[in-house]
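Written below as structure tokens is the structure these notes are about.
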Amino acid sequence: MKDFFIKKKKYATVPSVKARQDVPEGIVRKCPKCKKIMYVKELQKHLFVCQSCGYHYPIGAHERAEMLFDEGSYMEFDKDMISLNPLQFPNYMNKLESDRKKTNLNEAVWTGKGQIEGYDCAVAVMDKGFRMGSMGSVVGEKITRLIDYADKNSIPVIIFSASGGARMQEGVLSLMQMAKTSAALKGFSEHGGLYISIMTHPTTGGVSASFASLGDYNFAEPGALIGFAGRRIIEQTIGEELPDDFQTAEFLLKHGQIDQVVPRSELRTVLGQVLSIHAEGGVSGWDRN
Amino acid sequence: MGPELDFEKPILELKGKIAELKQFMDEKNIDLSDELNRLQERLITLEKETYGNMTPWERVRIARKLTRPTTLDYIPMLFSDFVECHGDRLYGDDPAIVGGIAKFHGHPVTIIGEQRGRDTKENIMRNFGSPHPEGYRKALRLMKQADKFHRPIITFIDTKGAFPGKAAEERGQSEAIARNLFEMSWLSVPVICVVIGEGASGGALAIGVGNQILMLENSWYSVISPEGAAALLWKDAGKAEEAARTMKITGSDLKNLGIIDKLIPEVLGGAHHNPKEQANIIDHALVESLTELSQLTTEQVREQRLAKYRAIGNYDRIQEKTNQSAFSYSSERQ
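Line by line, the protein sequences are chains L and A. My numbering numbers the first residue of the first sequence as 16 and each following residue consecutively. My numbering numbers the first residue of the second sequence as 19 and each following residue consecutively.
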């Protein structure tokens, strides 16, 4: 009798969970971490951070640009750049086309310039909604052009990474984008340029192993997955289960790989501080006294 | 020569027949040299046919042969006075990457190469040629040293990729790879990279940013191994053969894509059939490349390398539906 009762109770809860999931995405969203349901409008006000548990929802490039820059201060570069199919990879062009419609972006990275706390910056924002934010020729080229622009105009570069890594469908050309972007950053760095890397969920594979790890300052959003190899492959290779916090922003902080984990609500403030410190002339500033 | 692969079986059988016939002739003291010559000619034709038309997957399997010469096999055949240098001065010494200084035709060079094992025991010691962060950092230390003493750098790429392990992540393998790409791009000495076996992902690229990229005919180089690509793209690692074809990973594919500078021919059947002869062929290619690069000033060496990577990419603009790359890497590379 007791068993029957429990069974029945279990059964009865199923439809209610399902019903909750059926609520249209556009009006409310359920936090994947604490399951709290929030109105999208409310979430938006809080930069898509769960007010109950602090979970940072992944956001698209357009939303990021909107919340990052001083109001109305930004413009986009190379918006019309699109991928070709260098390997003649089956179905690649169709997949790109459907992601273009889905994200309202032509590729997995948005680049442009704008002001943050009054400082001019060249900014790239990756969007995991487009081919999992993977880096192929266009992502590599847009980021390299952005760095070149910042170099010529002597302004800082800020890159928000969100990527599964190199894009498989462009094979070795994707791999070479890692070298191309890193080489551009080296030249920029040699000329005294400031580069701030912000790793968001997820920053993995070839993006993690190139520009994302090369910041003069490396910051990460709370809870972001950051690493080179995939968790499942590591578990299979070494034959042991990995800790829950493995490859999170907090794990990287503990292991000395990043400067700070910065909550989204504090990001503009932290960036403003770094930018303002760099706007001063370093040692030479003392000459004026 | 190691275990033969399935597509090599007819060659093995024919070789067996020839040996049998020779033995028969010796034992019975009968002259069957006409028959013997016929079989030997057939063997030559068969070998040319088999090894001359290998599929990408067959090349991958040749590249993975345990008997295929490794970095440490080539070093004594190509260089003199090799002094091996260990350790990254930060954490440890990675046996999956070897490096040091030596002379090449009497001139000083720095050598860095990925090292897999030639048997199971050695493979365990060398971690199957998959480096840890300390390996990349050792390589970078030696490259900076080469830069200081104006020595050209020769790297040998032979890895299934960076090691997917817990410790490698904890010690920042992303950063270690990224840092090498960053620093290698700016070196003021010539860097020549030779893919001698397998070249997968960041593990290969981390010692692969060079002025010239050379590749042995039966080696492969890509963003990921064929098995990894098949698993990621089609959720089926068994489709590796298809991935080897689709991903365009062989030396001739990469030459066509404009990624590598020279395709180094291999002795018939693969480098393992005659390592000494193979070393000679590599030697010629290296001499040629170093002669070309020695014409450049230090500034030009850096500029040439930067321009080479800056030009890699294939893209278009939405407006111009010309299906042409806006910045053609192939024409830029000439």
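Just so it is clear, CB atoms sit at the ideal spot from N, CA and C, and this is done for glycine as well.
Query	Result
For A:Glu317, three-class secondary structure by DSSP	helix
Closer than 8 Å to chain A by CB, L:Gly238	no
Proximal residues to L:Phe203 (C-beta, below 6 Å), its chain only, five neighbours per side dropped	Ile162 and Asp166
From L:Glu156, L:Leu282 and L:Glu236, residue whose alpha carbon lies closest to that of L:Cys262	This sequence places Gln at residue 262 of chain L; Cys is not what is there. Considering only alpha carbons, the answer is L:Glu236.
Minimum Cβ-Cβ distance from L:Pro101 to chain A less than 8 Å	yes
Contact set between A:Ser240 and chain L, taken where Cβ atoms lie within less than 8 Å	Gly186, Val187 and Leu190
Within chain A, partners of L:Asn121 - CB distance below 8 Å	Ile336
For A:Gln296, the first and last residue of its enclosing alpha helix (DSSP H)	Pro293 to Leu311
Proximity of L:Gly148 and L:Val138 at Cβ, strictly below 8 Å	no
Outcome for A:Leu30 when other beta-carbon atoms lying within 10 angstroms are tallied against a minimum of 16	exposed
Simplified DSSP assignment, three categories, for A:Val241	coil
Beta-carbon spacing of L:Arg182, L:Ser189 below 8 Å	yes
Proximal residues, the segment 153-184 of chain A versus chain L, C-beta separation under 7 Å	Ala180, Pro182, Gly183 and Lys184
Residues that A:Asn332 contacts on chain L, provided the C-beta gap is smaller than 7 Å	Leu99, Pro101, Ser152 and Leu188
Three-pair Cβ contact test at 8 Å for the segment 233-252 of chain A versus the segment 197-216 of chain A	yes
Residues of the segment 60-77 of chain A whose Cβ lies closer than 8 Å to any Cβ of chain L, in chain order	none
Exposure of L:Ile292, with buried meaning 16 or more beta-carbon neighbours within 10 Å	exposed
Contacts that L:Leu229 makes with chain A (C-beta to C-beta distance below 9 Å)	Glu193, Ala196, Arg197, Leu199 and Phe200
L:Arg44 - partner residues in DSSP beta bridges	L:Met53
Counterpart residues of L:Asn233 in DSSP-defined beta bridges	L:Ser212
Contact belief for A:Ala120 with A:Phe100 at Cβ below 8 Å, rounded distance in angstroms	4 Å
Interface flag, A:Lys33 vs chain L, CB-CB below 8 Å	no
A:Ile231: first and last residue of the uninterrupted beta strand (DSSP E) it sits in	Gln230 to Leu234
Endpoints, beta strand (DSSP E) assigned at L:Glu91	Met90 to Phe92
Burial state of L:Ser197 (16 or more Cβ within 10 Å)	buried
Span separating the alpha-carbon of L:Asp274 from that of L:Phe234	6 Å
Beta-carbon proximity check, A:Leu308 vs A:Val319, cutoff 8 Å	no
Integer-rounded CB distance, given that L:Val55 should sit under 8 Å from L:Ile42	6 Å
Residue-level contact to chain C via CB, L:Glu265, 8 Å cutoff	Annotation note: the requested chain C is absent from the structure, which comprises protein chains L and A.
Residue span of the alpha helix (DSSP H) that contains A:Gly34, given as start and end	Lys27 to Lys46
L:Val5 in three-state terms, based on DSSP	Here chain L covers residues 16 to 304 and nothing more, so residue 5 of chain L does not appear.
Neighbourhood of L:Ser225 by C-beta distance below 6 Å, restricted to the same chain and skipping five residues each side	Met193, Thr196 and Ser197
Cutoff 6 Å; reference A:Arg323; Cβ partners in own chain excluding five residues on either side	Asn229
Rounded straight-line distance, which links the Cα of A:Lys178 to that of L:Val154	25 Å
L:His216 beta carbon less than 8 Å from that of L:His77	no
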